[in-house]
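Q: Residue numbers (the UniProt record's numbering): 1 to 531. We put the CB at the ideal spot given by N, CA and C, even for glycine. Predicted, not measured: the structure shown is a model, and the values here were computed from it.
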């Protein structure tokens, strides 16, 4: 199969870029590959909204920039932050023209929310299902563009780069498309492309307990890593402070940051409100501080969860703002008028990833990346709440602008077919599941919210054993999406552990108890613990 533009992933980043390319170049083919249903992505589950300065009388670009820099704890690129923040209103307006609906007040103005780390009300939302609404609008527009082909249930196995060619003339630093598996037939075939964009989202499933859907296995980052692209800041994993605790493994329901912005309090098992002793902003401190504080409370008490208290809030307004959250909690047995919500931090967002420039270009020619799989310089050590969709919209546009100014031509290189390893043995599902659980347990216990040098070194040793087992499975079993996902997650774990070991200062979402700095002064009087 040949296409002009290959987009891997169907969240807000990939769909936005595809729409722009297909509209600007109506005679060129755009192909979107996604491993699950066309709308299944991290975007779909985003509750909070889009952080954007929409009223310069009440807010300012400078305030949003400063909030982002503060959350990023000194590791943001100030020029990139300014560019994304100032470009945000244009991209939001474009999204609204495409049919995405956002909540407005009685005067017709956008009804803005406030979340942790923000100094102003600036989060644009659609009730508490903002991502779902954005995904709906984008997919509707995709369906109206005849030169877009969307391939659901197609798993991208690897990028096609120079090392797949036997000729020495081919460059190992160029991308020619990707090898893709039709999940129904099991056939792996090449899609040759002039330009390839990775928009594959995050990797929360690596931790098991996560706010991400099951598809979030870091596939794009792993493929880029195997293709020798630059990968940075993988140690900075954001744990969302308030996932609904239900005492089970797997994806967890997210209680939006906006609920704390609405006035909810965090309380420990004794009923004490604990955040004021950790940070002056209390519940509205940035996510890294709130998650680390909750983790510390749990380590001290031995409890499995803390509580989010909404009982003092005006419930009619709460139900209007958060209907999905209210219903989901009620279904779990918690009437928020009288019951507190049991919550626990869960893996939520990766702040690092494939290094890209302001145009979304990676270190590999003709390979671009956008969204959570990237390291742009916007988030630094910790993402400011609701800056993720903003980043995806701006970088999808920037990549499109680059393609418009620098049209890429098809390569004359003949792409080789996929080399099957010749193994016809059926995959061992039990072995795959066993290794996946071992990997997730390793990441949760040793590479979590609070880390230590000793834990990380042991994790590195244990991962080497898992890697050997998974490599053997990959070489000697019939290929399947679960096996490829496991392979990708092992690559991600290697990057996270390796880059965690190299970090010498505590920043944002990264906290290692061995390091001596001023972190405890910033967080208050409670030192963080590591058991």
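Could you please give me the residues that DSSP links to residue 182 through a beta bridge?
A: Residue 182 pairs with 154.
Q: Here's a check: name, in chain order, each residue in its chain whose Cβ is nearer than 7 angstroms to the Cβ of residue 484, leaving out the five neighbours to either side.
A: Excluding sequence neighbours, residue 484 sits near 155, 157.
Q: Taking only the alpha-carbon atoms, compute the straight-line gap between residue 3 and residue 486 and give it to the nearest angstrom.
A: If I take the Cα positions, the gap works out to 29 angstroms.
Q: Which word fits residue 135, buried or exposed, when buried means at least 16 other C-beta atoms lie within 10 angstroms of its C-beta?
A: Residue 135 should be labelled buried.
Q: Taking DSSP as the reference, what is the three-state secondary structure of residue 462?
A: Helix at residue 462.
Q: Check residue 19 in the structure and name its three-state DSSP category.
A: In the structure shown, residue 19 sits in a helix (DSSP, three-state: H, G or I).
Q: Between the Cα of residue 557 and the Cα atoms of 463, 490, 459, which residue gives the shortest distance?
A: The chain is shown from 1 up to 531; residue 557 falls before or after that span and cannot be answered.
Q: Mark residue 224 as exposed unless 16 or more other C-beta atoms lie within 10 angstroms of its C-beta, in which case mark it buried.
A: Burial call: buried.
Q: Cβ of residue 203 within 8 angstroms of Cβ of residue 492?
A: Taking 8 angstroms as the Cβ cut-off, residue 203 and residue 492 qualify as a contacting pair.
Q: Looking at the unbroken beta strand (DSSP E) that takes in residue 215, where does it start and where does it end?
A: Neither: residue 215 is in no beta strand (DSSP E) and is coded neither H nor E.
Q: On the three-state DSSP scale, how would you describe residue 535?
A: Because the chain is modelled from 1 through 531, residue 535 falls outside the range shown and cannot be assessed.
Q: Straight-line CA distance for residue 219 to residue 207?
A: Looking at the two C-alpha atoms, the distance is approximately 15 angstroms.
Q: Hey, how far is the Cα of residue 330 from the Cα of residue 319?
A: Approximately 11 angstroms between the Cα atoms of the pair.
Q: Would residue 373 be called buried (16 or more neighbouring beta carbons within 10 Å of its own) or exposed?
A: It is buried - the Cβ of residue 373 has at least 16 other Cβ atoms within 10 Å.
Q: Can you check DSSP and say which residues form a bridge with residue 149?
A: Paired residue(s): 31.
Q: Return the CA-CA distance between residue 25 and residue 83, expressed in angstroms with no decimal places.
A: Near 26 angstroms, if we compare the C-alpha coordinates of residue 83 and residue 25.
Q: Report the CB separation of residue 65 from residue 52 in whole angstroms; it is logged as a contact under 8 angstroms.
A: The pair is not a contact, with the Cβ atoms about 12 angstroms apart (cut-off 8 angstroms).
Q: For residue 384, tell me which candidate among 366, 258, 451 has the shortest Cα-Cα distance.
A: With distances taken between Cα atoms, residue 384 lies closest to 258.
Q: Since I believe residue 512 is in contact with residue 453 (beta carbons under 8 angstroms), could you give me their beta-carbon distance rounded to a whole number of angstroms?
A: With 8 angstroms as the limit, residue 453 and residue 512 qualify as a contact, their Cβ atoms being about 7 angstroms apart.
Q: Is it right to say residue 242 is buried, meaning 16 or more other beta carbons lie within 10 angstroms of its own, or is it exposed?
A: Under this definition residue 242 is a buried residue.
Q: Compare the C-alpha of residue 120 against each of 247, 60, 444 and name the closest.
A: With distances taken between Cα atoms, residue 120 lies closest to 60.
Q: I need the straight-line Cα distance from residue 5 to residue 410, nearest angstrom please.
A: Near 10 angstroms, if we compare the C-alpha coordinates of residue 410 and residue 5.
Q: Have a look at the DSSP bridge pairing and note the partners of residue 369.
A: DSSP output for residue 369 lists 198 as bridge partner(s).
Q: DSSP has residue 240 in a bridge; who is on the other side?
A: Residue 240 is bridged to 346.
Q: Applying the 10 Å Cβ sphere with the 16-neighbour rule, what's the burial state of residue 175?
A: Burial call: buried.
Q: Taking DSSP's pairing of strands, which residues face residue 189 in a bridge?
A: Paired residues: 180.
Q: Would a C-beta distance cut-off of 8 angstroms place residue 442 and residue 462 closer than the cut-off?
A: Taking 8 angstroms as the Cβ cut-off, residue 442 and residue 462 qualify as a contacting pair.
Q: What is the rounded straight-line gap between the Cα of residue 418 and the Cα of residue 370?
A: So the alpha carbons of these two residues sit roughly 26 angstroms apart.
Q: Pick out whichever of 35, 78, 89, 196 has its Cα sitting closest to the Cα of residue 532.
A: The structure shown does not extend to residue 532, since the chain is modelled only from 1 to 531, so the question has no answer here.
Q: For residue 7, does the three-state DSSP call read helix, strand or coil?
A: Residue state, collapsed to three classes: strand.
Q: Please list, in chain order, all residues of the same chain as residue 19 whose beta carbon is under 6 angstroms from its beta carbon, the five residues on each side excluded.
A: Counting only Cβ-Cβ distances below 6 angstroms, and skipping sequence neighbours, we find 141.
Q: Assign residue 272 to one of two classes, buried (16 or more other C-beta atoms within 10 Å of its C-beta) or exposed (fewer than that).
A: The residue in question, residue 272, is exposed, as its Cβ has fewer than 16 Cβ neighbours within 10 Å.
Q: Could you give the distance in angstroms between the alpha-carbon of residue 304 and the alpha-carbon of residue 344?
A: Approximately 8 angstroms between the Cα atoms of the pair.
Q: Can you say whether residue 199 is buried or exposed, counting buried as having 16 or more other CB atoms within 10 angstroms of its CB?
A: Looking at its Cβ environment, which holds 16 or more other Cβ atoms inside 10 Å, residue 199 is buried.
Q: At the level of alpha carbons, what is the spacing between residue 309 and residue 133?
A: Rounded to the nearest angstrom, the two C-alpha atoms are 28 angstroms apart.
Q: Do the CB positions of residue 210 and residue 252 come within less than 8 angstroms of each other?
A: Cβ distance < 8 angstroms, so residue 210 and residue 252 count as in contact.
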